[in-house]
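One structure is given here, and the rest of the page talks about it.
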Ligand code: ACO
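Residue numbers (my numbering): 568 to 993.
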């Protein structure tokens, strides 16, 4: 006997069985309870309890604070893997063998360069343009340089354009940053790893070879691994939704970057730093907590739609702050963050609502210690999330069950009425 939900419609007395598969009923099965023209649909703003796809990429148990990519626990990947290896895992489903990894790294790194027109596009932005705006438009423009990317049903074309995007994202991010600070672009250095090269393109000055502390390179690798995917979050949902109309990876990723820019999503780490600066000193923490509890402000970097427990990424990032601060000195805002967390974890308001630090609570402190300006924080999320977006994009466009994403609405407007001439209106 298959699992099912027995339903009785008390408007009509109609009874039915809704099959349950994988812990879900099919919303379309509710249609059997329509009464004449009156349909029966599911209303779920923000997709609080609606699965929009089947996915084998990332697993989250928000109650227990578990995050896994392709079955591998995030803490093991953060400790042992590299970003490019993790990206391979997300896209291929398995960890690579040594030759596979070498080939993959070579392939991604061979796509680091940007078309000249993209540089012109970046130069067209005002000096104070947010780098996320540059990222969004440049990524959306990529399909014009690589028209084969529109062949989304061709496996080879999908693969090469995914490689291109993962390869180009750090270059684009670095160029957007250098444009914003008025410094000349630094071109990719093929001798450097993905993250080392990214740091060099960002921060190299007049020295012939950029050298950085390996502890900082490793910290960036860890942050990139933690941000690589997070199942159906807001930006991934945007990517999948745009892809469902038959779009190429660049157009779809452009939508993802837009979603990630929002302060409730990827923009939260920038907001956390702003919040910590506004609080300014330890003695003002209780006053701030009172303002949060009175509903006047939100504690940025706290709370999560899925995690009702400590976000496992926040735990790893908190540990990484120690290593980074050993290398570059302690960010003075850390003590305010630690005090906010200490109070919040004991306070009834936060405990009752199950609000814990999320991935953004500590990441901004590290980014600031690494000399990134706040406007780059969300960019540092977009670069590694590209691997997840691409894995999800490919899974979505090859899923025979997927249809164009087109939700319904509950119409709350005026009933039908006749058009009135301009001078006949009261
Ligand atoms: N500070 C204070 N109260 C909060 C917070 C917060 N950060 N987050 C949620 N709450 C409260 C709400 O006021 C609400 O209280 P109520 O029941 O008394 O009305 C309750 O907790 C539930 O909150 P919702 O907004 O309904 O939860 P939702 O799942 O829709 O939102 C979100 C999740 C957007 C992440 C929210 O917790 C938030 O705004 N956090 C701050 C922004 C942030 O850090 N975003 C990054 C998320 S991680 C990521 O995107 C990478």
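Think of the CB as a built atom: it goes at the ideal place given N, C-alpha and C, for glycine as much as any other residue.
Residue i, enclosing alpha helix (DSSP H) - first and last residue
i, result
"residue 1008", "Residue 1008 lies beyond the residue range present for the chain, which begins at 568 and ends at 993; the question has no answer from this structure."
"residue 747", "722 to 747"
"residue 966", "Run containing residue 966: none; DSSP gives neither H nor E here."
"residue 912", "901 to 913"
"residue 824", "816 to 827"
"residue 641", "641 to 647"
Buried versus exposed, by CB contacts within 10 Å (16 or more), residue i
i, result
"residue 603", "exposed"
"residue 648", "buried"
"residue 689", "buried"
"residue 807", "buried"
"residue 718", "exposed"
"residue 659", "exposed"
"residue 634", "buried"
"residue 879", "buried"
"residue 611", "exposed"
"residue 964", "buried"
"residue 609", "exposed"
CB contact flag (residue i, residue j, <8 angstroms)
i, j, result
"residue 630", "residue 875", "yes"
"residue 840", "residue 935", "yes"
"residue 766", "residue 784", "yes"
"residue 903", "residue 856", "no"
"residue 716", "residue 815", "yes"
"residue 585", "residue 576", "no"
"residue 520", "residue 950", "Only positions 568 to 993 of the chain appear in the structure, and residue 520 is not among them; the question remains open."
"residue 697", "residue 848", "no"
"residue 908", "residue 782", "no"
"residue 835", "residue 802", "no"
Closest Cα partner of residue i within the set the options
i, options, result
"residue 637", "646, 650, 647, 623", "623"
"residue 819", "804, 830, 759, 628", "804"
"residue 868", "923, 682, 943", "923"
"residue 628", "812, 798, 664, 708", "798"
"residue 995", "791, 948, 745, 893", "Only positions 568 to 993 of the chain appear in this structure, which leaves residue 995 out of reach."
"residue 756", "693, 659, 770", "770"
"residue 578", "590, 594, 607", "607"
"residue 837", "707, 866, 772, 894", "866"
"residue 705", "720, 686, 721", "686"
"residue 581", "573, 674, 587", "573"
"residue 725", "860, 817, 971", "817"
"residue 626", "978, 862, 959", "959"
"residue 789", "650, 801, 721", "650"
"residue 674", "899, 978, 661, 734", "734"
"residue 707", "739, 966, 796", "739"
"residue 859", "915, 598, 948, 986", "915"
Residue span of the beta strand (DSSP E) that contains residue i, given as start and end
i, result
"residue 583", "582 to 588"
"residue 572", "571 to 575"
"residue 625", "625 to 628"
"residue 923", "Premise fails: residue 923 is in no beta strand (DSSP E) and is neither H nor E."
Distance cut-off 7 angstroms: residue i Cβ against heavy atoms of ligand 3
i, result
"residue 796", "As presented, the structure is devoid of ligand 3, carrying ligand 1 as its sole ligands."
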